[in-house]
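Asker: One point on numbering: in UniProt numbering, the residue at position 88 of the sequence shown is 88, and numbering is uninterrupted. Sharing a structure with you now.
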Amino acid sequence: MHDPNGRLLLVRRANEPGRGLWSVPGGRVEPGEDEPTAVVRELAEETGLTVRPGELAGVVVRGPYRIADYRCDLAPGSAVHPRAGDDAADARFVDLAGYAELPVVDGLTELLREWDALPRV
């Protein structure tokens with residue numbers, strides 16, 4: 001998810017795998033949920049933001065996990081400043097220079113580049 005300025009929303013993982021590294025927010029689809037519903041719930045839990053999921057950005061398989069990432073927009077009336085919660089130790093929007101300084105999970109940069117989802121500024 002990008003903010004109106006083109007910065008990318010990232011969270012610093014509080015738990016394994018990837019504890020201490022930065023990644024896009026996400027998590028498991030709970031029983032009875034579809035993927036868009038899980039996206040809304042996970043972003044609210046990890047960042048405090050309310051989003052509207054859009055098109056599928058891409059899918060990657062890591063071990064036994066199928067990870068689907070969706071492009072999202074802030075929902076009307078949502079907070080605009082992320083706050084870390086749940087499985088996140090920190091949450092923030094980052095520009096391209098800030099992204100380059102962060103330790104990110106393996107393969108994230110390549111996937112974001114492939115999906116045209118790196119910070120735009």
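Backbone N, C-alpha and C fix where the C-beta goes; we use that ideal spot for every residue, glycine too. No experiment lies behind these values; they were computed from the predicted model shown.
Are the beta-carbon atoms of GLU95 and PRO64 separated by less than 8 angstroms?
Answerer: The sequence shown places Asp at residue 95, rather than the Glu named in the question. Remark: C-beta atoms of ASP95 and PRO64 do not approach each other more closely than 8 angstroms.
Asker: For GLU30, which residues in the same chain have their Cβ closer than 8 angstroms to its Cβ, ignoring the five residues on either side in sequence?
Answerer: ALA38, ARG41
Asker: Shorter than 8 angstroms from the beta carbon of ALA44 to some beta carbon of chain B?
Answerer: In the structure shown, chain B does not exist; there is a single protein chain.
Asker: Figure out for me which residue from LEU56, GLU110, ASP106 has the closest Cα to the Cα of GLY18.
Answerer: The option with the nearest alpha carbon to GLY18 is ASP106.
Asker: Taking the alpha-carbon of ALA68 as reference, which of GLY32, HIS2, PRO25, LEU74 has the nearest alpha-carbon?
Answerer: PRO25
Asker: For ARG52, collect the residues of the same chain with a Cβ closer than 6 angstroms to its Cβ; drop the 5 residues on either side in sequence, then sort them by chain order.
Answerer: ASP73, ALA75
Asker: Quick one: using the 10 Å Cβ neighbour count with 16 as the cut-off for buried, is GLU46 buried or exposed?
Answerer: buried
Asker: Distance check for SER78 and TYR70, CA to CA, integer angstroms please.
Answerer: When rounded, the distance between both Cα atoms is 18 angstroms.
Asker: For LEU10, which residues from the same chain have a beta carbon less than 6 angstroms from its beta carbon, with the 5 sequence-adjacent residues on both sides left out?
Answerer: Within the same chain, Cβ atoms closer than 6 angstroms to the Cβ of LEU10 are found at TRP22, VAL94, the five residues on either side in sequence being excluded.
Asker: Can you tell me whether ARG113 is helix, strand or coil according to DSSP?
Answerer: DSSP, reduced to helix, strand and coil, places ARG113 within a helical segment of the structure shown.
Asker: Buried or exposed for ARG12, please, with buried defined as at least 16 other CB atoms from any protein chain shown within 10 angstroms of its CB.
Answerer: ARG12 is buried by the Cβ-count criterion.
Asker: Please report how far the alpha carbon of PRO36 lies from the alpha carbon of ALA97, in whole angstroms.
Answerer: 30 angstroms
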